[in-house]
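Structure record follows, encoded as structure tokens.
Protein chains: 2
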Amino acid sequence: MTLPHPTADQISLANVLAVLGDPTRLAIVRYLASKEGVPLNCSRFLDFASKTNLSYHLAKLREAGVTRTEAVGTSRLITLRRDDLDRRFPGLLDSVIAAAGDDASLPAVGGHEIEVRA
Amino acid sequence: MTLPHPTADQISLANVLAVLGDPTRLAIVRYLASKEGVPLNCSRFLDFASKTNLSYHLAKLREAGVTRTEAVGTSRLITLRRDDLDRRFPGLLDSVIAAAGDDASLPAVGGHEIEVRA
DNA sequence: CCAATTGTTCAATAACCTTTGAACTAAGGA
DNA sequence: TCCTTAGTTCAAAGGTTATTGAACAATTGG
Numbered sequence: 025m026t027l028p029h030p031t032a033d034q035i036s037l038a039n040v041l042a043v044l045g046d047p048t049r050l051a052i053v054r055y056l057a058s059k060e061g062v063p064l065n066c067s068r069f070l071d072f073a074s075k076t077n078l079s080y081h082l083a084k085l086r087e088a089g090v091t092r093t094e095a096v097g098t099s100r101l102i103t104l105r106r107d108d109l110d111r112r113f114p115g116l117l118d119s120v121i122a123a124a125g126d127d128a129s130l131p132a133v134g135g136h137e138i139e140v141r142a
Numbered sequence: 025m026t027l028p029h030p031t032a033d034q035i036s037l038a039n040v041l042a043v044l045g046d047p048t049r050l051a052i053v054r055y056l057a058s059k060e061g062v063p064l065n066c067s068r069f070l071d072f073a074s075k076t077n078l079s080y081h082l083a084k085l086r087e088a089g090v091t092r093t094e095a096v097g098t099s100r101l102i103t104l105r106r107d108d109l110d111r112r113f114p115g116l117l118d119s120v121i122a123a124a125g126d127d128a129s130l131p132a133v134g135g136h137e138i139e140v141r142a
């Protein structure tokens with residue numbers, strides 16, 4: 025893990041909410057949740073924003089403590105920090121994901137066929 | 025009810041999260057939750073911001089569908105839209121309020137002694 | 001080594017957010 | 001009627017956010 029992440033207790037509720045309060049980032053988180061356990065690289069999110077813009081949004085998610093980003097080769101493997109978020113804010117992530125799943129204003133979670141190769 | 029409110033299904037998740045992602049508004053919501061059932065007027069929130077600024081934040085909360093504001097005389101009576109929020113985003117409000125209660129970075133919920141007179 | 005792939009950084013821009021004080025409206029009481 | 005109380009509106013300032021394209025760095029495969 026090369027990139028800077030907050031520790032679990034540095035994660036602030038207001039910050040997490042603010043970061044999730046953006047449609048692009050909410051779509052990213054929903055997509056991560058739909059593939060939970062599988063680390064996804066940035067290119068998996070290109071439906072939601074341009075490459076440059078993804079770099080920005082993924083950094084916001086990481087800095088807020090919502091995601092963990094691991095550098096592997098030229099890739100960044102991204103996962104939800106479910107354990108830390110659940111410990112810190114029980115039930116929050118689940119209710120956000122469930123609500124996002126019902127939200128028609130968000131782009132649908134697409135089905136790329138190829139997962140990241142381990 | 026004079027002031028404009030979104031209907032329950034106009035309430036957007038991203039917007040609710042964005043609006044709650046501000047420490048002042050989070051403190052207001054937490055305070056409302058701590059007195060749930062009791063309509064509070066604006067002056068009850070003067071610990072959190074100036075009068076002018078409260079007007080701004082309370083409008084944001086109302087426009088996002090988080091609170092309901094009723095004009096009574098020169099007062100505005102403010103309540104949480106728990107029913108609508110729970111129907112739309114089950115569990116969200118409770119987990120936010122619970123998390124906010126544990127968050128040391130937010131101002132404590134103070135105990136004014138006098139409730140609004142019915 | 002060369003080229004392609006992955007993603008970051010930078011500067012610029014436009015939009016939006018928060019906060020302020022001064023001026024305002026509207027209702028209620030003396 | 002006059003004053004007070006409760007909140008709103010306005011314009012301005014300063015800050016942050018989201019988005020873009022061009023340029024960059026780093027790893028990997030041929």
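Chains U and Z are the protein sequences, given in the same order.
Using this note's numbering, the first residue of the first sequence is number 25, and each one after it goes up by one.
Using this note's numbering, the first residue of the second sequence is number 25, and each one after it goes up by one.
Don't be surprised by glycine CBs; every beta carbon is placed ideally from N, CA and C.
Rounded separation between residue i and residue j - CA only
| i | j | result |
| --- | --- | --- |
| residue 99 of chain U | residue 125 of chain U | 28 Å |
| residue 72 of chain U | residue 97 of chain Z | 48 Å |
| residue 40 of chain U | residue 111 of chain Z | 23 Å |
| residue 66 of chain Z | residue 68 of chain U | 46 Å |
| residue 53 of chain U | residue 29 of chain U | 17 Å |
| residue 87 of chain U | residue 77 of chain U | 15 Å |
| residue 51 of chain Z | residue 79 of chain Z | 15 Å |
| residue 198 of chain U | residue 70 of chain Z | Only positions 25 to 142 of chain U appear in this structure, which leaves residue 198 of chain U out of reach. |
| residue 123 of chain Z | residue 74 of chain U | 33 Å |
| residue 118 of chain Z | residue 118 of chain U | 12 Å |
Contacts around residue i, its chain only, beta-carbon distance under 7 Å, and the 5 residues preceding and following it disregarded
| i | result |
| --- | --- |
| residue 37 of chain Z | 113 |
| residue 95 of chain U | 26, 27 |
| residue 49 of chain Z | 43, 81, 84, 85 |
| residue 116 of chain Z | 109 |
| residue 105 of chain Z | 89, 90, 91, 92 |
Close beta carbons around residue i, own chain, < 8 Å, minus the five adjacent residues each side
| i | result |
| --- | --- |
| residue 108 of chain Z | 32, 35, 89 |
Reduced DSSP secondary structure (H/G/I, E/B, other) of residue i
| i | result |
| --- | --- |
| residue 99 of chain Z | strand |
| residue 64 of chain Z | strand |
| residue 56 of chain Z | helix |
| residue 88 of chain Z | helix |
| residue 31 of chain U | coil |
| residue 93 of chain Z | strand |
| residue 70 of chain Z | coil |
Of the residues the options, the one placed nearest residue i, counting alpha carbons only
| i | options | result |
| --- | --- | --- |
| residue 46 of chain U | U:82, U:93, U:75 | U:82 |
| residue 62 of chain U | U:93, U:119, U:123 | U:93 |
| residue 102 of chain U | U:119, U:64, U:77, U:123 | U:64 |
Chain-order list of residues whose beta-carbon lies under 6 Å from that of residue i (same chain, five-residue window excluded)
| i | result |
| --- | --- |
| residue 57 of chain U | 121 |
Proximity test, residue i beta-carbon vs the ligand COA heavy atom, cut-off 8 Å
| i | result |
| --- | --- |
| residue 71 of chain Z | Although the ligand COA was asked about, the structure shown includes no ligands whatsoever. |
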